[in-house]
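Quick note: the sequence shown, position 141, residue 141 per the UniProt record's numbering, numbers continuous.
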Amino acid sequence: MHLDLLVALFNKRFQLERGIHEAPLRVVRGKVEGRVGELRLTSTLKPIRLAESPLIVQGHEAVLHAYVEGGSPQAAMDVFGDAEGVSVVNMDRLCRTVHMLNYLPYAWNDGFLSVEVNPRHVLSIKQNHGAYFEEVLGRCGLTPKQVVISVPFEHLSNSYQLALVQGLNNYRSRGYQLAVRLSQTHPEQIKQSTVLVTRLSPDFVKLQRPFLTDRNGQAASALQLELTRKLVSIARLAGGLTIQNGIETEQDLETARSLKAYLLEGDYFGQPVKRRARDAA
1 MHLDLLVALF
11 NKRFQLERGI
21 HEAPLRVVRG
31 KVEGRVGELR
41 LTSTLKPIRL
51 AESPLIVQGH
61 EAVLHAYVEG
71 GSPQAAMDVF
81 GDAEGVSVVN
91 MDRLCRTVHM
101 LNYLPYAWND
111 GFLSVEVNPR
121 HVLSIKQNHG
131 AYFEEVLGRC
141 GLTPKQVVIS
151 VPFEHLSNSY
161 QLALVQGLNN
171 YRSRGYQLAV
181 RLSQTHPEQI
191 KQSTVLVTRL
201 SPDFVKLQRP
211 FLTDRNGQAA
221 SALQLELTRK
231 LVSIARLAGG
241 LTIQNGIETE
251 QDLETARSLK
261 AYLLEGDYFG
271 QPVKRRARDA
281 A
């Protein structure tokens with residue numbers, strides 16, 4: 001189905017469900033944007049590459065961008081900051097629909113799309129997790145097997161983590177793949193993440209840039225690297241692959257490979273060859 005027809009179809013559905021008159025989706029210069037009041041939502045699709053051969057793209061990660069016309073982009077979590085209950089669910093569904101529609105030109109390459117789901121959405125839904133999004137995928141001619149549901153687990157108590165795991169397993173029962181996004185790198189936090197990976201057995205473990213270097217440019221310590229390698233090994237034994245996000249330099253690439261990351265994502269791979277050589281010097 002043509003993109004404009006899909007947008008019209010989903011607009012009608014959103015309008016009926018929410019009792020609104022404004023169309024929440026529109027096509028701008030060939031890309032789909034979401035609209036919530038003055039807020040505009042769009043997505044960037046970042047290639048996820050095979051570590052052994054980075055020219056091979058295995059999938060894409062959808063990154064949310066939010067802005068007010070004439071203003072600066074907002075962080076994705078800011079979009080959900082003041083939302084509660086039904087509002088979180090509606091916002092999350094709109095964001096994923098935007099991502100899915102923007103992914104369609106890439107969808108026929110046998111890869112996957114990784115989309116982040118707000119934890120509060122998963123916890124707000126009591127049953128049938130993923131059923132709504134499965135209908136969206138079906139309208140686009142796709143299936144849940146082509147989608148990775150990614151959730152950040154930091155800052156959640158053990159009881160919330162258990163509830164989140166239960167909700168994510170409902171997604172898994174529908175054929176979705178699962179990913180956990182990890183960014184906390186204190187040794188005790190890495191150990192806790194290892195327990196979480198054992199509990200959930202995700203298809204992917206997404207390590208964020210702090211696993212390579214902190215915000216001050218300080219490289220990970222020997223202990224952090226050792227614990228991360230153990231985390232990666234346990235994930236692999238549970239059937240999961242590790243994605244290292246945030247590759248920006250040659251050193252980042254070497255570190256990610258030393259951690260045995262199977263897949264890589266980062267701006268480094270989009271740099272001209274001359275700049276890569278300069279970074280490596």
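All C-beta atoms, glycine included, are put in the ideal place defined by N, C-alpha and C.
Just curious, the alpha helix (DSSP H) that I20 is in, first and last residue?
I20 -> no alpha helix (DSSP H), and no H or E assigned at all.
Which one or two residues does DSSP pair with A62 in a beta bridge?
A62 is bridged to L45.
Helix, strand or coil: how does DSSP classify A238 here?
Here A238 sits in coil by DSSP.
Rounded to the nearest angstrom, what separates V197 and G34 at their Cα positions?
Going from the Cα of V197 to the Cα of G34 covers about 33 Å.
Measuring only the C-alpha atoms, how far is V7 from Q15?
Taking the straight line joining both Cα atoms gives about 12 Å.
Roughly how many angstroms lie between the CA atoms of E116 and A222, to the nearest whole one?
Between E116 and A222, the C-alpha separation is close to 30 Å.
For P152, which residues in the same chain have their Cβ closer than 6 Å to its Cβ, ignoring the five residues on either side in sequence?
Same-chain partners within the cutoff: R181.
Taking the continuous beta strand (DSSP E) assigned at L113, which residues delimit it?
Looking at the DSSP string, the run of the beta strand (DSSP E) that includes L113 is 112 to 116.
Counting only the same chain and skipping the five closest in sequence on each side, list residues whose C-beta sits under 8 Å from that of H60.
Contacts found: L45, K46, P47, I48, Y103, Y106, G111, F112, L113, S114.
Is V122 near L164, with beta carbons less than 7 Å apart?
Contact flag set, yes.
Helix, strand or coil, according to DSSP, for Q177 in the structure here?
Strand at Q177.
Is the CB-CB distance between R257 and A51 below 7 Å?
Cβ distance < 7 Å, so R257 and A51 count as in contact.
Do the region 61 to 70 and the region 133 to 144 touch if we need at least three Cβ pairs shorter than 8 Å?
At 8 Å Cβ cutoff, the stretches do not touch.
Excluding the 5 residues flanking residue 289 on each side, which residues of the same chain have their C-beta closer than 6 Å to its C-beta?
Nothing about residue 289 can be read from this structure; the chain reaches only from 1 to 281.
In terms of residues, what are the limits of the beta strand (DSSP E) holding L207?
Element bounds for L207: 204 to 207.
Since P119 is in the beta strand (DSSP E), which residue starts that stretch and which ends it?
Unbroken run through P119 is the alpha helix (DSSP H), 119 to 124; no beta strand (DSSP E).
Here's a check: name, in chain order, each residue in its chain whose Cβ is nearer than 7 Å to the Cβ of P54, leaving out the five neighbours to either side.
Same-chain partners within the cutoff: L264, F269.
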